[in-house]
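Numbering (the working numbering), first residue to last: 84 to 215.
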């Protein structure tokens with residue numbers, strides 16, 4: 084069974100979505116937007132095909148370590164499971180982080196550094212947003 088992604092298990096999510104709480108979450112999201120963008124560009128530079136996501140998995144684990152988030156690794160070669168909180172209910176969030184066997188032709192400063200592989204499907208963004 085393939086598990087090439089992250090599953091963050093989040094327990095005890097917000098009991099209500101009051102407008103003040105929603106505004107607070109939006110403010111927090113805006114505050115970390117530059118960090119998430121930077122992280123996505125780092126992932127975009129190091130695309131790796133399924134089961135070869137060694138550098139990608141290492142960057143995810145490094146980020147989780149910096150955030151103080153516990154995780155279990157390895158899972159199905161390069162995957163991992165991170166857990167936040169405890170209790171019930173439990174919500175699982177998942178992001179794939181493998182790339183596609185496509186050569187990137189875009190001329191951007193965060194262009195794929197691996198010829199024949201790129202994040203053309205958004206997995207770099209999904210992973211970054213989930214870490215945020």
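Each residue gets a CB set at the ideal place from its N, CA and C atoms; glycine is no exception.
Worksheet item: When we look at the beta-carbon of residue 127 and count the other beta-carbons within 10 Å, is it buried (16 or more) or exposed?
Response: buried
Item to complete: Within its chain, find whatever has a CB closer than 6 Å to the CB of residue 209; leave out the 5 residues flanking it on each side and keep chain order.
Response: 178
Fill in: Expected contact under 8 Å - CB spacing of residue 203 and residue 183 to nearest Å
5 Å
Discussion item. So, with DSSP's three-state summary, where would you put residue 172?
Written reply: coil
Fill in: Proximity below 9 Å, CB of residue 152 to CB of residue 138
no
Practice prompt. Ignoring anything shorter than 4 residues or poking outside the segment 137–174, list the alpha helix (DSSP H) runs there in chain order.
Written response: 137–150
Worksheet item: Cα separation between residue 215 and residue 165?
Response: 13 Å
Fill in: N-terminal and C-terminal residue of the alpha helix (DSSP H) that residue 207 is part of
206–214
Worksheet item: When the Cα of residue 197 is compared with those of 150, 144 and 135, which residue comes out closest?
Response: 135
Discussion item. Quick check on this structure: which residue in 167, 114, 180 and 118 has the alpha carbon closest to the alpha carbon of residue 201?
Written reply: 180
Item to complete: Determine the closest residue to residue 207 out of 109, 123, 107 and 199, with distance taken between C-alpha atoms.
Response: 123
Worksheet item: Grouping DSSP H, G and I as helix and E and B as strand, with all else coil, what is residue 183?
Response: strand
Fill in: With 16 other Cβ atoms within 10 Å as the buried cut-off, status of residue 121
By the 10 Å Cβ count, residue 121 comes out exposed.
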